[in-house]
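One line per chain: the protein sequences are C and Z, in this order. Position one of the first sequence corresponds to residue 68 (the working numbering), numbered consecutively onward. Position one of the second sequence corresponds to residue -3 (the working numbering), numbered consecutively onward. Note that CB positions come from ideal geometry on N, CA and C, so glycine has one too. Worksheet for the structure shown next.
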Amino acid sequence: MNLRSIKNEIGFLLIVLSVGVILLAIFSLIIVPLIFGFKVIIETGPAFFTTAPAAPGEEIPGGIYYTLIGSFVMISLAVAIAFPIGFLTGVYINEYPQTRLAILAESASHFLSEVPSVILGIFIYATYVLATKKTSLIAGALSLSLAILPYTVVQVRESLRVIPFIYREAAHSLGLPKWKTVFFVLVPMNMRGILVGLLSAFLRAFSETAPVLFTAGAAFYGFYGLDGPSSTLPLLVWNFAKTPYENWQKLAWGASSILALVSISLSLIIRKAAKEVRF
Amino acid sequence: MENPAVRIQNLNVYYGNEQVLFNINLSVPKNSVYAILGPSGCGKSTLLRTINRLIELRPEARVEGKVEIMGIDVYKELPREQVARLAGMVFQMPNPLPHLSIYDNVALGPRLHGVAKGRKLDEIVREALEQAGLWEEVKNKLKKPATSLSGGQQQRLCIARALALRPPVLLMDEPTANLDPVNESKIEELIRKLSRETTIIIVTHDPEQAKRVANRGAIIFKGKIVKENFIDSLFAVPYHDLIQKLTLEERMIIEALQEKR
């Protein structure tokens, strides 16, 4: 064996090692919360999903019932606010790409996606929470909707952009006006792409933590309506993991396993669905 | 020519600052097949898209001059959407809308223009599919997606879709370029048959195809009509010799200009 092939072997070994380290890191990132969390959930039983957190220092961790409700309502509201706006903006940017308004909207959306998401929370805090004098589910939903808006815009625009020009020509040659071409031909043609956008919006809203820190409140023991304080799963993890009480730390592990499980499955579904789009 | 189906006068077309068609004048007689020939990039597809205003899909395009279909100035006397009723179009790539059924693809035009619904629409769809020679093959699966058909069938479906609005003129942009010889000859036969009632303008790069289907034609080179005549006289000089000669001349002019500088 000469020197060159030894060097080659060593180089190859290093590459395999680095790949292994990264895979191990990712794997444990997913597996650790799942193992720790599932242990807690199995020990607690169905009560983990149907009760409020227990008092600090008790034997049992209690459950995430009100946070699940809060998460569900807040995320749905955020998507309900952001998706229609993002959808129409995406359509507009794709259909009138040269106009000043479209260029402005695209830069704004790009800017919004690059702002650290905690700033979005501060913005809603300054404009909405201070004005209404309280944290609320609506305020949380508003800040989440700002966080998901740019993703919706990009996803919708891409869904339309990938449709080959020949279908636009077909619609045009039959005398379809532009708006009918968009809404009756192009959007239904790539409904899957649009739905992937909707799902990504849910995923994004589900996992964002920073925007809701100052806006959603921290109500883990009850559901107080749209106008009252609320909570989301990431908020629960953040709040309970940093306490010194063992049962609350367990609760946080349980909640993070749910977070990890839902976001991994959603993102796998999105990947699978997005891959199958073919023209 | 008395009452041509399509008359183009002093047509100049620009993409941005670049002129792509130069002073085009031609008349297409009713119920005939007219071939537009030329090497790729010469502007023949652009010319076809100028007739039904499809060119307006490109925001950078600018059209000067006059285009009349059945005596109607399509740029001045009609809203863009209505031009589809005067001229249908078939494309190089079969492009049935993949999310619609066979039936819905054909019915799209009549539905959109409020021509018919219910039984009457069924009749129109059937007639269009019969005209396109596709009815027997699809009559039992009209609700199946259009993409379930073979390439040749898809192209005939697109012809049916264009015919469903019963336009007097049918524009075809290299309709057999993506088909095998068997399907190519089916479409050519269809063109000859349809031309009894419809005026057909077909863009092709194949002089043999033009000889087989067309009565008259024009050869375009670099955006200009270099020859226009009955199909037999059009090829007095063999087509490929003509294109070669034009290409050589063009190169010599460019070289001469460069030397001057």
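Interface residue (Cβ-Cβ distance to chain C less than 9 Å): valine 199 (chain Z) is not classified as such. DSSP, read as helix, strand or coil, puts lysine 223 (chain Z) in strand.
Those residues of the segment 68 to 82 of chain Z placed with their C-beta closer than 8 Å to a C-beta in chain C are Arg76, Glu77, Gln78, Val79, Ala80 and Arg81, ordered along the chain. Straight through space, the alpha carbons of serine 184 (chain C) and leucine 171 (chain C) are spaced by roughly 21 Å. Residues of the segment 232 to 243 of chain C with a Cβ closer than 9 Å to any Cβ of chain Z, in chain order: Phe232, Ile233, Tyr234, Arg235, Glu236, Ala237, Ala238, His239, Ser240, Leu241, Gly242 and Leu243. According to DSSP, alanine 31 (chain Z) shares a beta bridge with Z:Ile198 and Z:Gly213. For glycine 110 (chain Z), not one C-beta of chain C is nearer than 9 Å to its own C-beta. Across the set C:Leu70, C:Gly260 and C:Ile205, the C-alpha of C:Ile205 shows the shortest separation from the C-alpha of isoleucine 191 (chain C). For leucine 135 (chain C), the secondary structure class from DSSP, reduced to helix, strand or coil, is helix.
Secondary structure at tyrosine 10 (chain Z): strand, using DSSP grouped into helix, strand and coil. For the segment 153 to 182 of chain C, the residues whose beta carbon sits under 7 Å from a beta carbon of chain Z are, in order, Gln165. Closest by C-alpha distance to alanine 283 (chain C), out of C:Gly112, C:Lys106 and C:Ile142, is C:Ile142. Per the coordinates, the alpha-carbon of leucine 326 (chain C) lies some 7 Å from the alpha-carbon of leucine 300 (chain C). Going by DSSP, methionine 168 (chain Z) is part of the beta strand (DSSP E) stretching over 165 to 169.
Glycine 292 (chain C) carries a coil assignment under DSSP once its states are collapsed to helix, strand and coil.
The three-state secondary structure of asparagine 19 (chain Z), taken from DSSP, is strand. Burial is judged here by how many other beta carbons sit within 10 angstroms of a residue's own beta carbon; isoleucine 93 (chain C) has fewer than 16 and is exposed.
Per the C-alpha coordinates, the member of Z:Gly34, Z:Cys38, Z:Asn48 and Z:Leu238 positioned closest to leucine 166 (chain Z) is Z:Asn48. Counting only residues of its own chain and dropping the five nearest sequence neighbours on each side, valine 140 (chain C) has a CB closer than 7 Å to the CB of Leu204.
Counting the other CB atoms within 10 Å of its CB gives methionine 85 (chain Z) a total of 16 or more, which places it among the buried residues. Only residues of its own chain outside the window of five on either side were considered, and among them Gly157, Ile160 and Asn161 have a CB closer than 6 Å to the CB of arginine 224 (chain C), listed in chain order. For methionine 256 (chain C), the C-beta contacts it makes with chain Z under 8 Å involve Leu93, Pro94 and His95, in order along the chain. Taking C-alpha positions only, lysine 342 (chain C) is separated from threonine 219 (chain C) by approximately 18 Å. Counting along the chain, no alpha helix (DSSP H) covers glutamate 52 (chain Z), and no H or E run does either. By the 16-neighbour rule on beta-carbons within 10 angstroms, tryptophan 315 (chain C) is buried. The alpha-carbon separation between proline 90 (chain Z) and lysine 223 (chain Z) amounts to approximately 30 Å. In the three-state reduction of the DSSP assignment, lysine 207 (chain Z) falls in the helix class. For alanine 160 (chain Z) and alanine 210 (chain Z), the gap between their C-alpha atoms comes out near 23 Å. In the structure shown, serine 180 (chain C) adopts helical secondary structure according to DSSP, grouped into three states. Taking leucine 74 (chain Z) as the centre and dropping the five residues before and after it, the same chain places the C-beta of Ile68 closer than 7 Å to its C-beta, in chain order.
Between the C-alpha atoms of alanine 169 (chain C) and glutamate 126 (chain Z) there is a straight-line separation of about 45 Å. Between the segment 251 to 263 of chain C and the segment 271 to 287 of chain C there are fewer than three inter-stretch CB-CB distances shorter than 8 Å, so the stretches are not counted as touching. Note: methionine 248 (chain Z) is not bridge-paired with any residue in the DSSP secondary-structure output.
Taking all protein chains shown into account, serine 174 (chain C) has fewer than 16 neighbouring C-beta atoms within 10 Å of its C-beta and is therefore exposed. Annotation for phenylalanine 87 (chain Z): Asp169 place their beta carbon closer than 6 Å to its own, counting only its chain and skipping 5 residues before and after. A Cβ of chain C is located within less than 9 Å of the beta carbon of alanine 158 (chain Z).
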